[in-house]
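*Asks:*
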Amino acid sequence: MEFAAYHLDDGIYDEMLQPNGEPREHSRLLYETLCQLSSEEIGSIQERVTRSFSNEGISFTVYGDAEANERIIPVDCLPRILPAAEWRHLEIGLTQRLAALNRFLDDVYGDARIIGDGVIPADVVRDCPQYRSEMCGVSVPHGTWVAVCGTDLVRTNQGFQVLEDNLRVPSGVSYMIANRKVVKTSLRRLYRSSRVRGVEHYGRLLQETLRELSPSGRNDPCIALLTPGVYNSAFYEHMFLAREIGAELVEGRDLLVNGGFVYMRTTSGLRRVDVVYRRVDDDFLDPLVFREDSLLGVPGLIHAYKLGNVAVVNAPGTGIADDKSVYAYVPDMIRYYLSEEPILANVQTHLCRRPEELEYTLDNLENLVVKRVGESGGYGMLVGPHSTPEEREAYAEQMRANPADFISQPVLPLSRAACLVEGRPEPRHVDLRPFVLHGTTTRLVPGAFCRVALRRGSLVVNSSQGGGGKDLWVLED
Amino acid sequence: MLSRSAQGLYWMGRYLERAQHLCRLLQLQVEALVDRPVWEIHLGWSRIYNALNRQPPFGGIQFDKRDNYTLADSYTLAGDLTFERSNPDSVWNCFALGRENARQMRHRISAEMWISLNLAYLRIQKLSIEDIWKTSPENFYAETVEEIHTFSGVASTTMYRDEGWHFMQLGRCIERAQLSVALFLAQMATAKLYQDSPDADCTALLRLYHAFDAYDRKHSLEIQPDQVLDLLAADPMLPSSLCRSLDSAAEELAAIAHGPSASSSAAARRLAGRLQALIRHEWPDRQDREAMLRQIGEHCRNLHNQVMAAYIDYSVDDAPVH
């Protein structure tokens, strides 16, 4: 395999190669191995990886795509490599960030000191659709509102930056493990020589975290993973995790609340549930408290939760902390709660709720990415440089009508990693989503779901928008 | 275990058994197209449709002595029973539903079971009646049966023997018993229509149940329809006989702990026991086999309903709490 035609761009960080075309030190072994492989050999490795995903049915569902209910997630066989020091930096930064976010949630649903002290404007919090007034005054076990966090990180020539925090029901960890399982066996000698840190113990760490959060006095807690069902885009992951942590995979109809306790319907009667690891959005969790038309949730669940008879993970209401407007204040939260400087930087963000920032955004639409605060998964986004004048005009109209619904950010030159495209290495933009767990203590496996924008030139890495995955190797010291 | 998981595994067992049974029937039927007389081919199709309680796509099956018509009709009928999406009992649908139940219960079955089933599903999904008809359609049916056998073998060596296993096996046994009853009744009905038919038809049944050798050992080489039916229905040593299916259903049910209501699960066990008694002790002396088969079929449907009521759809008001 040759890298002669591999395109490097001074403005874009390449994960494998330096600007002079030499491999970065931590990627040298990978580079040399790839150079020794023929196109046929690497092609057959890729084919094997793809076939393995298909045979194992490692899929996701695309909403509104009736033809392809189960779509196999595309995976690229070339790993992306992070040296130990870079990972250590991320690990410390992510731990710091999650600590501040949990403190923020505890505060904002409590005394709201951060608002009183003028660090965050009250309307940014209270106008946010993810703010759940029902959670005010609720004391969550160990102050852990977010037990499972999936933070999206991108790298530019300036270093790593946090693109967004996913604090509700972050997904992708199953693909991280599936990628590893198949890529390491396909590149077995390289993997062994590279001294890569394992990620396969994620299930054990998640189980330990969930057990820590179970109501006190329950020695052998019963954990249930609540899924919206088989039509949910992440159903494969729900099933995968239920198996990994030895939990029952339940839907709302399997659970009921009686006398303030949650039970599941089993073949021998009702069994008390201690921890609900929910993969259902707040809106649908409990029709008595949130959306009353929800058929996915469990009537009375929030009542049982407030009584302390069951743990709900992540806690309802955590969406306020990953709102795209609130995101802009996370560095201030870190300074406010922890008295520390943020280790990981935010992406510069313009809140269109502020007239001057709206004006700036409208004037520079062509060069910005504009996002709706309530959307995720890459939906409802305008990527300025890739948009038509008509699209920009239509978007601008919506922004003028509801400025608070929008934020804008510069178009980031996301770093690129080598991907196998038609038998040749080609650079594609990537990000990474590590998963941080926190019960009474913080745990994370050294790895992440590395997302790839598979379409040439595309910056959108979301699986639902043509993105795929890549294995991320964190090396030992 | 979670009631819905038990239900999913139970239905997975049922659908895969149904797919396998139909594949075996079709395999023998398309083999007959090679060298059997036209009337026998018609009889075979009539029996299959009768057993499935389904109307053929172009109305009734007409007896026509011309080979060309028979082959063209057979192509349409095989397509209807194998790949037709609107036919809920087609092989394609049974397989897809079995696999869908497995997909939803992947955390309850072994990874090896899932992969073996998914691989078979991916193969079938790509095919059409045109594809399999081009060469030898019997190979397609044989391969599909083989894949289901492989799945069963993988399951028996890798699946944890908890309640999930027993519910899956129970589903298979009840399904097999019901399919056998329906097939025997269809055999009786078609025999009446083709009264001058010789024994070739019973030969196909013996092959379907892998019972040729057993019949040879027990009886003479001369095929007697009554003796064939006795063997297939009431011989406890024949692995897929009706009797063996009912014995296994009772055994699986006994292996599952009592449900929330002891009386409901006891009622299901009693019914399973009654079914065993019927086939083992009453069958040999009963003259009216057809009525007895109908009675067994009715009891099988009730057994299914009682299992659902005892373990899956029970009222939570009086259910014990653990």
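The listed protein sequences correspond, in order, to chains A and B.
Its first residue numbered 0, the first sequence is counted upward by one per residue in numbering that gives the first Met the number 0.
Its first residue numbered 0, the second sequence is counted upward by one per residue in numbering that gives the first Met the number 0.
By construction, the Cβ of each residue, glycine as well, lies at the ideal position given by its N, Cα and C atoms.
Computed from a predicted model, the values in this text were never measured in an experiment.
Using DSSP with H/G/I as helix, E/B as strand and the rest coil, what is Arg65 of chain B?
*Replies:* Position 66 of the second sequence, counted from the first residue, corresponds to residue 65 of chain B. Arg65 of chain B: coil per DSSP, three-state reduction.
*Asks:* Based on Cα-Cα distance, which residue from A:Arg50, A:Glu236, A:Leu16, A:Glu250 lies nearest to Ala223 of chain A?
*Replies:* Counting from 1 along the first sequence, the entry for residue 223 of chain A is found at position 224. Selected option, being the one with the closest Cα: A:Glu250.
*Asks:* Would you say Ala177 of chain A lies against chain B (beta-carbon separation less than 8 Å)?
*Replies:* For this step, residue 177 of chain A is matched to residue 178 along the first sequence. Taking Cβ atoms only, chain B never reaches closer than 8 Å to Ala177 of chain A, which makes this a no.
*Asks:* Scan the segment 260-276 of chain A for residues whose Cβ lies nearer than 8 Å to a Cβ of chain B and list them as they occur along the chain.
*Replies:* Here the close residues are Tyr262, Met263, Arg264, Thr265, Thr266, Ser267, Gly268, Leu269, Arg270, Arg271.
*Asks:* Using beta carbons (cut-off 8 Å, strictly below), is Gly258 of chain B in contact with chain A?
*Replies:* For the purposes of this step, residue 258 of chain B is taken as the residue at position 259 of the second sequence. Answer yes: the Cβ-Cβ gap between Gly258 of chain B and chain A drops below 8 Å somewhere.
*Asks:* Can you have a look at Phe211 of chain B and say buried or exposed, based on whether 16 or more other CB atoms are within 10 angstroms of its CB?
*Replies:* As a first step, residue 211 of chain B is located in the second sequence; it is residue number 212 there, counting from the start. Exposed is the call here.
*Asks:* Under a CB-based cut-off of 8 Å, is Met112 of chain B close to chain A?
*Replies:* Against the second sequence, residue 112 of chain B aligns to sequence position 113. Cβ-Cβ to chain A under 8 Å: no for Met112 of chain B.
*Asks:* Within its chain, find whatever has a CB closer than 7 Å to the CB of Gly7 of chain B; leave out the 5 residues flanking it on each side and keep chain order.
*Replies:* Counted from its first residue, the second sequence places residue 7 of chain B at position 8. Within the same chain, Gly7 of chain B has close Cβ partners Asn100, Gln103, Met104.
*Asks:* Within a Cβ cutoff of 6 Å, which residues of the same chain sit near Ala213 of chain B, ignoring the five residues on either side of it in sequence?
*Replies:* Here residue 213 of chain B refers to the residue found at position 214 of the second sequence. Cβ neighbours of Ala213 of chain B beyond the five flanking positions: Leu237.
*Asks:* Take Pro259 of chain B as the anchor and find which of B:His165, B:Ile131, B:Arg107, B:Ser314 has the nearest alpha-carbon.
*Replies:* Locating residue 259 of chain B in the second sequence gives position 260, counting from the first residue. Of the listed residues, the one whose Cα sits closest to Pro259 of chain B is B:Ser314.
*Asks:* My guess is that Phe52 of chain A and Ile80 of chain A are in contact by the Cβ rule of under 8 Å, so how many angstroms apart are they, rounded?
*Replies:* Reading the first sequence from its first residue, position 53 is the one you call residue 52 of chain A. Reading the first sequence from its first residue, position 81 is the one you call residue 80 of chain A. Contact flag wrong, Cβ pair sits at about 21 Å.
*Asks:* In chain B, which residues lie less than 7 Å from Met238 of chain A when you measure between Cβ atoms?
*Replies:* Along the first sequence, one-based indexing puts residue 238 of chain A at 239. What Met238 of chain A touches in chain B: Arg105, His106.
*Asks:* Looking at C-alpha atoms only, which residue of A:Thr439, A:Ala452, A:Gly466 is the closest neighbour of Ser215 of chain A?
*Replies:* For this step, residue 215 of chain A is matched to residue 216 along the first sequence. Comparing Cα-Cα distances from Ser215 of chain A to each of A:Thr439, A:Ala452, A:Gly466, the minimum goes to A:Thr439.
*Asks:* For a cutoff of 8 Å on Cβ pairs, would you count Phe150 of chain B as touching chain A?
*Replies:* To locate residue 150 of chain B, count along the second sequence from 1; it is residue 151. No, no contact with chain A.
*Asks:* Mind the definition here: the segment 253-264 of chain A touches the segment 230-237 of chain A only if three or more C-beta pairs lie below 8 Å; say whether that holds.
*Replies:* No: fewer than three Cβ pairs fall under 8 Å.
*Asks:* I want to know whether the segment 300-315 of chain B touches the segment 237-247 of chain A - three or more CB-CB distances under 8 Å.
*Replies:* Not touching, per the Cβ criterion.
*Asks:* So if DSSP puts Ala223 of chain A in a beta bridge, which residue, or which two residues, is it bridged to?
*Replies:* Reading the first sequence from its first residue, position 224 is the one you call residue 223 of chain A. A:Glu247, A:Val275, per the DSSP bridge assignment.
*Asks:* Strictly below 9 Å CB to CB, what residues from chain A border Met0 of chain B?
*Replies:* Your numbering for residue 0 of chain B matches position 1 in the second sequence. In chain order: Glu247, Thr265, Thr266, Ser267.
*Asks:* From this set, B:Ala50, B:Ala276, B:Glu251, which residue's C-alpha is nearest Glu162 of chain B's C-alpha?
*Replies:* Looking up residue 162 of chain B in the second sequence gives position 163. When each option's Cα is compared against that of Glu162 of chain B, the closest is B:Glu251.
*Asks:* Are the C-beta of His303 of chain B and some C-beta of chain A separated by less than 8 Å?
*Replies:* By 1-based counting over the second sequence, the position of residue 303 of chain B is 304. No, because no Cβ of chain A sits closer than 8 Å to the Cβ of His303 of chain B.
*Asks:* Could you give the DSSP three-state label for Tyr262 of chain A: helix, strand or coil?
*Replies:* Locating residue 262 of chain A in the first sequence gives position 263, counting from the first residue. Strand.
*Asks:* Which residues in chain A have a C-beta closer than 7 Å to the C-beta of Leu118 of chain B? List them in chain order.
*Replies:* As a working mapping, residue 118 of chain B is identified with position 119 in the second sequence. Simply Asn54.
*Asks:* Strictly by DSSP, which residues pair up with Lys370 of chain A?
*Replies:* Along the first sequence, read from residue 1 onward, the residue named residue 370 of chain A stands at position 371. BP columns for Lys370 of chain A point to A:Ile406.
*Asks:* Specify, as a first and last residue, the run of the alpha helix (DSSP H) that Arg268 of chain B falls within.
*Replies:* In the second sequence, the residue the question calls residue 268 of chain B occupies position 269. It spans 261-276 - the alpha helix (DSSP H) in which Arg268 of chain B sits, taken as one unbroken run.
*Asks:* Give the straight-line distance between the Cα atoms of Leu178 of chain B and Ala254 of chain B, rounded to the nearest whole angstrom.
*Replies:* Counting from 1 along the second sequence, the entry for residue 178 of chain B is found at position 179. Counting from 1 along the second sequence, the entry for residue 254 of chain B is found at position 255. Answer to the nearest angstrom: the Cα atoms are 23 Å apart.
*Asks:* Could you list the residues in the segment 290-316 of chain B with a C-beta less than 9 Å from some C-beta on chain A, going in chain order?
*Replies:* Residues Ala309, Tyr310, Ile311, Tyr313, Val315.
*Asks:* Suppose the cutoff is 8 Å on Cβ atoms and the five residues either side in sequence are ignored; what does the same chain contact list for Ile278 of chain B look like?
*Replies:* As a first step, residue 278 of chain B must be located in the second sequence, where it is residue number 279. Same-chain partners within the cutoff: Ala232, Ala233, Leu241, Cys242, Leu245, Ile295.
*Asks:* If you scan the segment 89-122 of chain B from start to end, which runs of the alpha helix (DSSP H) of 4 or more residues do you find wholly inside it?
*Replies:* Whole alpha helix (DSSP H) segments, 4+ residues: 90-103.
*Asks:* Just the C-alpha distance for Glu396 of chain A and Phe405 of chain A, rounded to the nearest angstrom, thanks.
*Replies:* The residue given as residue 396 of chain A occupies position 397 in the first sequence. The residue given as residue 405 of chain A occupies position 406 in the first sequence. So the alpha carbons of these two residues sit roughly 12 Å apart.
*Asks:* Where Gly299 of chain A and Asp317 of chain B are concerned, what is the direct C-alpha to C-alpha distance, given to the nearest angstrom?
*Replies:* Translated into positions along the first sequence, residue 299 of chain A becomes position 300. Translated into positions along the second sequence, residue 317 of chain B becomes position 318. C-alpha separation (whole angstroms): 19 Å.
*Asks:* For Asp164 of chain A, which beta-bridge partners are listed by DSSP?
*Replies:* Within the first sequence, numbered from 1, the residue matching residue 164 of chain A stands at position 165. Looking at the DSSP assignment, Asp164 of chain A forms a beta bridge with A:Thr150.
*Asks:* Around the Cβ of Gly115 of chain A, are there at least 16 other Cβ atoms within 10 angstroms (buried) or fewer (exposed)?
*Replies:* Taking the first residue of the first sequence as 1, we reach residue 115 of chain A at position 116. The residue is exposed, with fewer than 16 neighbouring Cβ atoms inside 10 Å.
*Asks:* Quick check on this structure: which residue in A:Arg27, A:Ala3, A:Val325 has the alpha carbon closest to the alpha carbon of Val107 of chain A?
*Replies:* By one-based count along the first sequence, residue 107 of chain A stands at place 108. The option with the nearest alpha carbon to Val107 of chain A is A:Val325.
*Asks:* Can you give the Cα-Cα distance for Phe283 of chain A and Pro433 of chain A, rounded to whole angstroms?
*Replies:* One-based indexing of the first sequence puts residue 283 of chain A at position 284. One-based indexing of the first sequence puts residue 433 of chain A at position 434. Cα-Cα distance, rounded: 26 Å.
*Asks:* So what's Ser414 of chain A in DSSP terms, helix, strand or just coil?
*Replies:* In the first sequence, residue 414 of chain A corresponds to position 415, counting from 1. Residue state, collapsed to three classes: coil.
*Asks:* Return the Cβ separation of Thr155 of chain A and Pro412 of chain A in integer angstroms, given the expectation that the two are a contact with Cβ distance under 8 Å.
*Replies:* Within the first sequence, numbered from 1, the residue matching residue 155 of chain A stands at position 156. Within the first sequence, numbered from 1, the residue matching residue 412 of chain A stands at position 413. Between Pro412 of chain A and Thr155 of chain A the Cβ distance is about 6 Å, and since that is below 8 Å, they are a contact.
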